[in-house]
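Per this note's numbering, residue 16 is the first one in the sequence shown, and the count goes up by one each step.
Just so you know, even glycine gets a beta-carbon here, dropped at the ideal spot from N, CA and C.
This report refers to the structure that appears directly beneath it.
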Amino acid sequence: MLPPASDIGVTARPSILSRVIAKLRRAPPSAIFGMIVIAVYITAAIFAPWIAPYGEYQVVSDGPFAPWTEANLLGTDQLGRDFLSRIIFGARNSIGIAFVTTLLAFIVGGFFGIMAATLRGFADQALSRFVDSVMSIPDLIFTLMLLAIFGTSVLNLILIIAILDSTRIFRISRAAAMNVVTLDFVEAAAARGEGLIWRIVHEILPNIMPILISEFGMRFCFVFLSIAALSFLGVGLQPPLAEWGSMVRDNATLINVGDITPLIPAAAIALLTVGINFVADWFLNTSSGFSDEA
Numbered sequence: 016m017l018p019p020a021s022d023i024g025v026t027a028r029p030s031i032l033s034r035v036i037a038k039l040r041r042a043p044p045s046a047i048f049g050m051i052v053i054a055v056y057i058t059a060a061i062f063a064p065w066i067a068p069y070g071e072y073q074v075v076s077d078g079p080f081a082p083w084t085e086a087n088l089l090g091t092d093q094l095g096r097d098f099l100s101r102i103i104f105g106a107r108n109s110i111g112i113a114f115v116t117t118l119l120a121f122i123v124g125g126f127f128g129i130m131a132a133t134l135r136g137f138a139d140q141a142l143s144r145f146v147d148s149v150m151s152i153p154d155l156i157f158t159l160m161l162l163a164i165f166g167t168s169v170l171n172l173i174l175i176i177a178i179l180d181s182t183r184i185f186r187i188s189r190a191a192a193m194n195v196v197t198l199d200f201v202e203a204a205a206a207r208g209e210g211l212i213w214r215i216v217h218e219i220l221p222n223i224m225p226i227l228i229s230e231f232g233m234r235f236c237f238v239f240l241s242i243a244a245l246s247f248l249g250v251g252l253q254p255p256l257a258e259w260g261s262m263v264r265d266n267a268t269l270i271n272v273g274d275i276t277p278l279i280p281a282a283a284i285a286l287l288t289v290g291i292n293f294v295a296d297w298f299l300n301t302s303s304g305f306s307d308e309a
């Protein structure tokens, strides 16, 4: 009969869940604040129809810009719709579309970036020079031009921003993968005949995943702000969809009379951006240590 593990100097390895909980307990107050903010926003986005006192398009006032009352805690907008309800539904539209756009950008940019680092040679140079040429055009001008050509539908907005933003992901993933593709285990996989996709998925991607995850949070903020800016300019999400950028534009006249209502969606944008950056910074600082423990 074998002796207990403790008697032979072998200790049980903690589970992934226990290590995650330990990391969360050591998280700084800024990261905890960011996680709380993100949790509140995600809850509002998922349960918007049950949390909002009124519907997204429901007109609840006979006139525009009704004052704050018990029935309408933040008053109404320019069409008499409940402002609080529009902000809650705006979380679903703004966050949901920004998340899908960022995810698509990472899939496209990450794949081609790792592929360029793996293939090297002519393929790497061709992809890199193409990305450089796209990045040389200012994002806002390029986005406005493409939206004017293809239209301002939600699908076009997602595809255009994702493709343009994937160029940044390409550079990051390529730089990270360059440090991995020359390691022995990757070259051994190539020597035994493993295909390109297998090496990317099983050998390279897991080793650069912490960098990509932390960058995902940062890049989500940029995409989120881009959609809000385009909506503010009138070429982003179109009415009657609730979107925080367009809500600032549509109700900006209230600022002239001292009403801070239009600043509330702007503050919602800023708060989410700060919260995500807090969490992303903390994750980036701890990802290397977590990977070593794993």
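Review point. Beta carbon of A283, beta carbon of I102: below 8 Å?
Key: Along the sequence shown, one-based indexing puts residue 283 at 268. Along the sequence shown, one-based indexing puts residue 102 at 87. Yes, the pair counts as a contact, with Cβ atoms nearer than the cut-off.
**Study point:** Counterpart residues of T167 in DSSP-defined beta bridges
**Key:** The residue given as residue 167 occupies position 152 in the sequence shown. Answer is none; T167 lacks a bridge partner.
**Study point:** Assigned exposure category for N300 - 16 Cβ within 10 Å defines buried
**Key:** As a position in the sequence shown, residue 300 is number 285, starting the count at 1. Exposed.
Point to revise | Whole-Å CB distance - G49 paired with G290, under 8 Å assumed | key: Locating residue 49 in the sequence shown gives position 34, counting from the first residue. Locating residue 290 in the sequence shown gives position 275, counting from the first residue. Rounded, the Cβ-Cβ distance is 4 Å, consistent with contact.
Check your understanding: What does a CB cutoff of less than 8 Å around G111 pick up in its chain, not counting 5 residues either side in sequence?
Key -> As a first step, residue 111 is located in the sequence shown; it is residue number 96 there, counting from the start. Only A60 meet the Cβ criterion.
Review point. Is it a yes or a no for the region 175-187 touching the region 144-151, going by three-plus beta-carbon pairs under 8 Å?
Key: yes
Review point. What is the C-beta distance between T133 and V216, in whole angstroms, given that I count them as a contact (C-beta under 8 Å)?
Key: Here the question's residue 133 lines up with position 118 in the sequence shown. Here the question's residue 216 lines up with position 201 in the sequence shown. No, T133 and V216 are not in contact; Cβ-Cβ is about 11 Å, not under 8 Å.
**Study point:** Own chain residues within Cβ distance below 7 Å of L94, not counting five before or after
**Key:** Residue numbering aside, residue 94 sits at position 79 when the sequence shown is read from its first letter. V74, P79.
Review point. Does DSSP put D274 in a helix, a strand or coil?
Key: Taking the first residue of the sequence shown as 1, we reach residue 274 at position 259. In this structure, D274 counts as coil in the three-state DSSP scheme.
Review point. How many angstroms separate the CA atom of A206 from the CA atom of F235?
Key: The residue you call residue 206 lines up with position 191 of the sequence shown. The residue you call residue 235 lines up with position 220 of the sequence shown. Spanning the two alpha carbons is a distance of roughly 38 Å.
Point to revise | Beta-carbon spacing of L142, F127 below 8 Å | key: Reading the sequence shown from its first residue, position 127 is the one you call residue 142. Reading the sequence shown from its first residue, position 112 is the one you call residue 127. Contact: yes.
Check your understanding: Is the beta carbon of A67 less than 8 Å from the beta carbon of F104?
Key -> For this step, residue 67 is matched to residue 52 along the sequence shown. For this step, residue 104 is matched to residue 89 along the sequence shown. Cβ atoms of A67 and F104: closer than 8 Å.
Check your understanding: If we count Cβ pairs, one from each stretch, closer than 8 Å, do we get three or more for the region 236-248 versus the region 81-94?
Key -> no
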